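Quick mapping for you: the protein sequence lines, in order, are chains A and B.
Going by the numbering used here, the first residue of the first sequence is number 108, and it counts up by one from there.
Going by the numbering used here, the first residue of the second sequence is number 776, and it counts up by one from there.
Step one of this worksheet: look at the structure below.
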Amino acid sequence: MSVNWFKYASPASFLPLAGRLAPGFLVAAAILAAIGLYLGLVVAPTDFQQGDAYRIIFIHVPAAWMAMFIYVVMAGWSALALGYNTRLSAMMAQALAPTGAAMAFLALWTGAFWGRPTWGTYWAWDARMTSTLILLFLYLGVIALRSSIDDVRRADRACALLALVGVVNVPIIYFSVKWWNTLHQGSSISLTAAPKMAMIMLAAMLVMTFAVWFYCIAVVLWRVQAIIVEREQNSGWLAKAAGT
Amino acid sequence: MTDPHAVLPAFRWALARDLRIALRSRNELGIQLAFYALVVTLFPLTIAPDPALLNTLGPGVLWVAALLSSLLALPRLFAADFADGTLAAIALSPRPLAALVSGKMAAHWLTTGLPVVVLAPVFALAYHASAGDVAVLVAGLALGTPILSMLGAVGAALTLGARGGGSLLALLVLPLYVPVLIFGAGAVDAVHAGMSAGPHFSLLGAGLLLAALGTPFATAAAVRIALD
């Protein structure tokens, strides 16, 4: 059986698909969040060094991961938008930016509340904190550029180019800040070394990661529906689909 | 494919044209340098003029001032040509647009980056820097400020025709300037800490090559988007 993937490159056929998928992802996110928070807040033991303050990582780490991941996904959609000149790709990139910015902000905010009891300071000029802050500025730049250009198609392409320039710079910024100053503890999870966390904490964090991931997908699908309806309001198919 | 022989003449033409325009509006260059000098002057007034403190802060202040004065001159890079239609004519030329915008970047650096590099030793001495520090600072600025012009050109082209002008440009460009700032100012700190500034210069040089490879094409693409 062959599936015609390009069918869903059209906003007209993607709109109902997004409408069907979004509630499913939101329900999945809610269920996973309930499991993850139960594991993280009730089942997982108190850390003998950090006390209960460490439990904020069940939000903090997924948010930080999503902030970085969403930028890469946004750059991917931007590359498609520039390469194939597809409208839907640009709309997806537009829908991702606010969620990515929110995740970066959440990571910084929860990190500050973790840092206060653990390191004794809300903010340190450490590599990952500083590069997450700069990532937030990169998101704000994309959002600001979009809102400053009136022509929608031109805004699409300008933002796509900016996202691509940004994604080349993200690793450079990360390493420059890392070599500049580092007091952040090493990565909590490493693919090469045995995990130092207790299994139950790791499980809770992974479940929460999927919960946050699905939440982001659901929110982005909702936002992209709004963008499609807003942009296509003068096209015939939308009125027909709405049955008016 | 574009004719490889067309690249250098296109670069030279754009460079010569922008330099001629810059030299005929010399007061703008003067304002630029006055701005740089003012920013550098304001810092000691806001903190105590303690020689040891100024010696520590000096490289960072000089770098931030260089970055701001480069940013201040960015709108001039394309905005006037965009407004009077020259940019559209340039983009229509059969010569490669990436080479033409490279010439404009080079002119931007020669008129904003180079004066800053030349003047930096004077201001560094006002911050009680030693002769060795001054040499490292100037070498870092010489390697780093071209990157600022090149990255800035991408932002300047992207914001053509957008509302928000200067502040939008700052939001787009300043985060991208961070690595240059870190390695440039870090070179002097490394020397202060008794280490070699070599790695910082190597990284700045690598950044310069990477920017020279990538930004002309990104800028050309951004110019075409703006002209659509």
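Even glycine gets a Cβ: it sits at the ideal position worked out from N, Cα and C.
From a predicted model like this one, the values you see are computed outputs, not experimental measurements.
Under the Cβ criterion (8 Å, minimum of three pairs), the segment 945–957 of chain B does not count as touching the segment 259–267 of chain A. Sequence-distant Cβ neighbours of H167 (chain A) in its own chain, meaning closer than 7 Å and more than five residues away, are A214, T217, G218, W221. At a cut-off of 8 Å between C-beta atoms, V284 (chain A) counts as an interface residue with respect to chain B.
A Cβ-Cβ separation of about 7 Å places V284 (chain A) in contact with I957 (chain B) under the 8 Å criterion. For I922 (chain B), not one C-beta of chain A is nearer than 8 Å to its own C-beta. In the three-state DSSP reduction, G969 (chain B) falls in the coil class, being neither helix nor strand. DSSP, reduced to helix, strand and coil, places G860 (chain B) outside both helices and strands of the structure shown, so it counts as coil.
Scanning B:M970, B:D908, B:T886, B:G980 for the CA closest to the CA of N802 (chain B) turns up B:T886. Considering only beta carbons, the part of the segment 246–257 of chain A lying closer than 8 Å to chain B consists of L247, G248, A251, L252, S255, I256, D257, in chain order.
Residue-level contact by beta carbon fails for N192 (chain A) and chain B, as no gap is shorter than 8 Å. If the five residues before and after A310 (chain A) are omitted, its C-beta is found closer than 7 Å to the C-beta atoms of L146, all from its own chain and listed in chain order. Below the 9 Å Cβ cutoff, chain A contributes no neighbours of F786 (chain B), its closest Cβ being approximately 22 Å away.
For D1003 (chain B), the nearest CB of chain A lies under 8 Å from its own CB, placing it at the interface with that chain.
For the segment 830–848 of chain B, the set of positions with a beta-carbon nearer than 9 Å to some beta-carbon of chain A is empty. Going by DSSP, W216 (chain A) is part of the alpha helix (DSSP H) stretching over 194–226. Under DSSP, G158 (chain A) takes part in a beta bridge, and its partners are A:D154. Excluding the 5 residues flanking it on each side, L951 (chain B) has same chain C-beta neighbours closer than 6 Å at L926, in chain order.
The criterion of a C-beta distance shorter than 8 Å is satisfied by R870 (chain B) and A781 (chain B).
Legend: CB atoms of the segment 256–274 of chain A lying less than 7 Å from CB atoms of chain B belong to residues I256, R261, R264, A265, L268, L269, V272.
By the rule that beta-carbons nearer than 8 Å mark a contact, I307 (chain A) does not touch chain B. Near chain A, meaning a CB-to-CB distance below 8 Å, the residues of the segment 945–974 of chain B are L946, L947, L949, P950, L951, V953, P954, I957, F958, G961.
For D908 (chain B), the uninterrupted alpha helix (DSSP H) segment begins and ends at 906–933. At the C-beta level, G878 (chain B) and F976 (chain B) stay beyond 8 Å of one another. Rounded to the nearest angstrom, the Cβ distance from V966 (chain B) to L872 (chain B) is 41 Å, too far for a contact under 8 Å.
Here F113 (chain A) is exposed, its C-beta having fewer than 16 other C-beta atoms within 10 Å. P118 (chain A) has its alpha-carbon roughly 10 Å from the corresponding atom of T193 (chain A).
By the neighbour-count criterion, in which a residue is buried when 16 or more other Cβ atoms sit within 10 angstroms of its Cβ, L203 (chain A) is buried. Against chain B, the beta carbon of I142 (chain A) has no neighbour under 9 Å; the closest one sits roughly 37 Å away. Straight through space, the alpha carbons of W286 (chain A) and A151 (chain A) are spaced by roughly 34 Å.
Taking CB atoms only, F244 (chain A) has a neighbour in chain B less than 8 Å away. At least 8 Å separates the beta-carbon of W788 (chain B) from that of A960 (chain B). Excluding its 5 nearest sequence neighbours in each direction, T239 (chain A) has C-beta neighbours in its own chain below 7 Å: A171, A174, A211, A214, L215, listed in chain order. Annotated as distal: A996 (chain B) and F857 (chain B), with beta-carbon spacing of 8 Å or more. By the 16-neighbour rule on beta-carbons within 10 angstroms, Q340 (chain A) is exposed. With its beta carbon less than 8 Å from one in chain B, I279 (chain A) belongs to the interface.
The segment 854–899 of chain B is shown to contain whole alpha helix (DSSP H) runs of 4 or more residues at 861–867, 872–883, in chain order.
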